[in-house]
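Residue numbers (our numbering), protein chains in the order written: chain A, 622 to 829; chain B, 1364 to 1457.
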Amino acid sequence: MIIKVFISLYHYTFSVNKTLALEEPKLLPGDLAIWFFIFMELLVFAIAFIAYAITRMQNLELFNEFQLTLNKEFGAINTILLITSSYFVVRAVHAIKRDHVNTCINNLNIALGFGTGFLLLKSLEFYDKFSAGITLSTNTFYMFYLSLTMFHFLHVILGMIILFAVAFKAKRGHYSAADHFGVESGASYWHMVDLVWIILFPLVYIIR
Amino acid sequence: MRTMKKLIQNNTNIHTIWLLMVALTILGYAMGKFGFSGLISVLILLLTAVIKGTLIIRDFMELRDVSLLWQIIMYGWLWGITLALILIYIFSLS
């Protein structure tokens, strides 16, 4: 029953898009340069994820033991915060395409608010670990956990700087329905940050 | 008018997608919280991650109708990572 509901939802979400896809073929959203940048970032994270999985395979007991010390609640809430932030960024892109500049700015500000929530919660998680005396050299698991999550943390900061710059430029009237490439470029980078976390969260916090 | 209709349709869809992704996240968290482990759990967790990743690429990044090359790059990254993680997990069991 649950699987049936799940499949129906999946089909529903895609069927609407298929209709749209037939009506209007699209160019790559935003600037091409940002997509090369996104691709490079994804490759770096891919190598890091595979390195984590291989090292875990070689140190299975250690990884399973210390994974239990991670705060799964914080991880899950942070995932929801990033997904919700991305959702508001999508709304901002849709708004600017309709020439609704103020709605676009408001949605970007809300997205930045959720991004800040992520940074605060992640900082609290880091503080918790550091105050317990855990560092990069504590053991192999914490080395990977701290490196991966801190590297991602820096990407969230960069993504927020980009979104802030986009919101600032939007306020100054730089974007419109006819010229929204900048908004799409910033949005694409932010979604990449979300996409990486979607893999990172189950990989580091849940899978055992 | 047609464009407006499309945008409204698209926005409605975005709400469903957001809700679906939140639900899948809660499912993943619950599996971790209740101590699910083993190959089946990993397959479920990674499948939910692939679904969420697909939704981000297709509907948030709006890459559903872009060139085949970029779709191969993005979905290839998602599936490549997922299959590699599954294979490494299977090796770790033996």
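Every residue gets a Cβ at the ideal spot worked out from N, C-alpha and C, and that includes glycine.
Just so we're clear, the structure is a prediction, and the values are computed from it rather than from any experiment.
Under the three-state DSSP convention, the category residue i falls into
{"i": "A/K743", "result": "helix"}
{"i": "B/G1401", "result": "coil"}
{"i": "B/D1422", "result": "helix"}
{"i": "A/I828", "result": "coil"}
{"i": "A/A654", "result": "helix"}
{"i": "B/I1389", "result": "helix"}
{"i": "A/A732", "result": "helix"}
{"i": "A/D749", "result": "helix"}
{"i": "A/N692", "result": "coil"}
{"i": "A/S707", "result": "helix"}
{"i": "A/T700", "result": "helix"}
{"i": "A/A642", "result": "Only weak support is given to the placement of A/A642: the predicted model assigns it a pLDDT of 47, under 50, and the value that follows is read from those uncertain coordinates. Here A/A642 sits in helix by DSSP."}
{"i": "B/R1427", "result": "coil"}
{"i": "A/A672", "result": "helix"}
{"i": "A/T737", "result": "helix"}
{"i": "B/G1395", "result": "helix"}
{"i": "A/K647", "result": "coil"}
{"i": "B/W1381", "result": "helix"}
{"i": "A/A799", "result": "coil"}
{"i": "B/G1416", "result": "helix"}
{"i": "A/T756", "result": "coil"}
{"i": "B/N1376", "result": "helix"}
{"i": "A/N727", "result": "helix"}
{"i": "A/N680", "result": "coil"}
For residue i, the first and last residue of its enclosing alpha helix (DSSP H)
{"i": "A/M813", "result": "802 to 821"}
{"i": "A/R719", "result": "From DSSP, A/R719 is part of no alpha helix (DSSP H); its letter is neither H nor E."}
{"i": "B/I1436", "result": "1431 to 1456"}
{"i": "A/S768", "result": "761 to 792"}
Status (buried if at least 16 other CB within 10 Å, exposed otherwise) for residue i
{"i": "A/T806", "result": "Note that residue 806 of chain A corresponds to Ser in the displayed sequence, not to Thr. Label assigned to A/S806: buried."}
{"i": "A/M771", "result": "exposed"}
{"i": "A/F762", "result": "buried"}
{"i": "A/N699", "result": "buried"}
{"i": "A/R793", "result": "exposed"}
{"i": "B/T1388", "result": "buried"}
{"i": "A/I583", "result": "Outside the displayed range of chain A (622 to 829) lies residue 583 of chain A, so it cannot be described from this structure."}
{"i": "A/M661", "result": "exposed"}
{"i": "A/F684", "result": "buried"}
{"i": "A/E682", "result": "exposed"}
{"i": "B/E1425", "result": "buried"}
{"i": "B/A1386", "result": "exposed"}
{"i": "B/Y1392", "result": "buried"}
{"i": "A/G734", "result": "exposed"}
{"i": "B/S1400", "result": "exposed"}
Whole-number beta carbon distance between residue j and residue i, since they are thought to touch under 8 Å
{"i": "B/I1419", "j": "A/S707", "result": "7 Å"}
{"i": "A/Y810", "j": "A/I655", "result": "6 Å"}
{"i": "B/L1402", "j": "B/I1453", "result": "7 Å"}
{"i": "B/A1412", "j": "B/T1445", "result": "7 Å"}
{"i": "A/V814", "j": "A/V777", "result": "6 Å"}
{"i": "A/A674", "j": "A/V722", "result": "Not really, about 45 Å apart at Cβ, beyond 8 Å."}
{"i": "A/V711", "j": "A/V804", "result": "Not a contact, Cβ separation roughly 11 Å."}
{"i": "A/I731", "j": "A/Y796", "result": "Actually they are not in contact, since the Cβ atoms of A/I731 and A/Y796 sit about 17 Å apart, beyond 8 Å."}
{"i": "A/I827", "j": "A/K693", "result": "7 Å"}
{"i": "A/L784", "j": "A/L729", "result": "6 Å"}
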